[in-house]
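Q: In the working numbering, the protein residues as written are 269 to 605.
C-beta atoms are modelled at their ideal positions from N, C-alpha and C, and glycine is treated no differently.
The structure follows.
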């Protein structure tokens, strides 16, 4: 066996690797199919189909961490320092971007650099602060949480459903989502639920044939799009369906995506390409907002077709850029999460 092929014989879970890449495709979909400045939604189908991205991303991380035998301070420190390193590096990059490319003053560039580190400028780093909270909880009670994972997950699902029902009633009475004033990073009940759910359902097997599995996935995906459109766009009068992470249909849809793709098995040849996409997927996340923001691309499209082409363009460009930059020593560290 050649050395290159031996590389792909490592006991990796290629289904998880593929899920990571698919989640990044979803993130780009969420950021390219609408224009926040004009509150216009170009491609509702692609936008709402992308809503699984963050729930599944948290499920992946929950599965990978909760399956460990221990979560000690050494590992905790490693995870926190890695996130701090990324926040600092991309904060500096954002400062340079603001100063040299956007023509901002030095004061504004420094301010934007700090905002990036806090997750409020260019790179949407908000989830890292959520992970810090979750990891701190795990450090305190990892073994107890793992023993009671199904009970805790069930309780958190119940909390999410109650919040969603309250929002629905409030909207029907002329109000809005009850958690609208809470920053996404602090909706701990939601993200802990998905985090625990990734491990709680990790052993679930689908006994359906491949045809039935993908037919079920197609049906639930269409249903999820319709629910998001009717609930948010029609009933609440807003584009953003991120408020529906507590909704039972979005939860079930995300679980189905996670379970189906996690359990898929691939031949070695396919694994080579999956690893390539997975290795470069974080770079897509890091760079796509710079390109769309600098060139104002989301304001230059006007149809669903143009927005879809923009989505493809951003993915291809950032994927290739990441693959090239990760070949450069030291610079590649900026793309390792």
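Compare the C-alpha of residue 478 against each of 516, 443, 532 and 454 and name the closest.
A: Position 210 of the chain shown, counted from the start, is the residue given in the question as residue 478. The candidate whose alpha carbon is nearest that of residue 478 is 532.
Q: Nearest-angstrom Cα distance between residue 530 and residue 376?
A: Against the chain shown, residue 530 aligns to sequence position 262. Against the chain shown, residue 376 aligns to sequence position 108. Approximately 44 Å between the Cα atoms of the pair.
Q: For residue 576 versus residue 332, is the C-beta spacing smaller than 8 Å?
A: Numbered from its first residue, the chain shown carries residue 576 at position 308. Numbered from its first residue, the chain shown carries residue 332 at position 64. Contact: no.
Q: Compute the distance between the beta-carbons of residue 512 and residue 485, then report whether it is under 8 Å.
A: On the chain shown, position 244 is the one that residue 512 refers to. On the chain shown, position 217 is the one that residue 485 refers to. Contact flag unset, no.
Q: Could you check where the alpha helix (DSSP H) with residue 586 kicks off and where it finishes?
A: In the chain shown, counting from the first residue as 1, residue 586 sits at position 318. Segment 572-593, the alpha helix (DSSP H) holding residue 586.
Q: Considering only C-alpha positions, which residue in the set 592, 599 and 581 is nearest to residue 297?
A: Sequence index remark: in the chain shown, residue 297 carries index 29 (1-based). Check the Cα spacing between residue 297 and each of 592, 599 and 581: the tightest is with 581.
Q: Looking at C-alpha atoms only, which residue of 374, 387 and 538 is the closest neighbour of residue 285?
A: In the chain shown, residue 285 corresponds to position 17, counting from 1. Out of 374, 387 and 538, 538 has the C-alpha closest to the C-alpha of residue 285.
Q: Go through the segment 369-438 residue by residue and report every complete run of the alpha helix (DSSP H) that reaches 4 residues or more, in order.
A: 374-385 and 394-415
Q: What's the gap between the Cα of residue 274 and the Cα of residue 350?
A: Locating residue 274 in the chain shown gives position 6, counting from the first residue. Locating residue 350 in the chain shown gives position 82, counting from the first residue. The predicted position of residue 274 is uncertain, since its pLDDT is 40 and thus under 50; a value taken from the coordinates is nonetheless stated next. One C-alpha to the other measures close to 28 Å.
Q: Do you know whose CA, among 363, 421 and 435, lies nearest residue 515's CA?
A: The residue labelled residue 515 in the question sits at position 247 within the chain shown. Closest by alpha carbon: 435.
Q: Can you tell me where the alpha helix (DSSP H) holding residue 606 begins and where it ends?
A: No information on residue 606 is available, as it lies outside the stretch 269 to 605 that the chain covers here.
Q: Looking at C-alpha atoms only, which residue of 567, 571 and 319 is the closest neighbour of residue 305?
A: The residue you call residue 305 lines up with position 37 of the chain shown. Minimum Cα distance to residue 305 is reached at 567.
Q: According to DSSP, simplified to helix, strand and coil, what is residue 472?
A: On the chain shown, position 204 is the one that residue 472 refers to. Of the three classes helix, strand and coil, the one that applies to residue 472 here is coil, per DSSP.
Q: With 16 as the cutoff for other CB atoms within 10 Å, does residue 373 come out buried or exposed?
A: Position 105 of the chain shown, counted from the first residue, corresponds to residue 373. Label assigned to residue 373: exposed.
Q: Please determine whether the Cβ atom of residue 492 lies at a distance below 7 Å from any heavy atom of the ligand NAD.
A: The ligand NAD is not part of the structure shown, which contains no ligands of any sort.
Q: Using 8 Å as the threshold, is the C-beta distance between residue 467 and residue 347 below it?
A: Position 199 of the chain shown, counted from the start, is the residue given in the question as residue 467. Position 79 of the chain shown, counted from the start, is the residue given in the question as residue 347. Going by C-beta atoms, residue 467 is not nearer than 8 Å to residue 347.
Q: Could you tell me the distance, in whole angstroms, from the CA atom of residue 425 to the CA atom of residue 416?
A: Taking the chain shown and counting its residues from 1, one reaches residue 425 at position 157. Taking the chain shown and counting its residues from 1, one reaches residue 416 at position 148. C-alpha separation (whole angstroms): 14 Å.
Q: May I ask which residues mark the beginning and end of the alpha helix (DSSP H) holding residue 305?
A: Here residue 305 corresponds to residue number 37 of the chain shown, with the count starting at 1. No alpha helix (DSSP H) holds residue 305; DSSP gives it neither H nor E.
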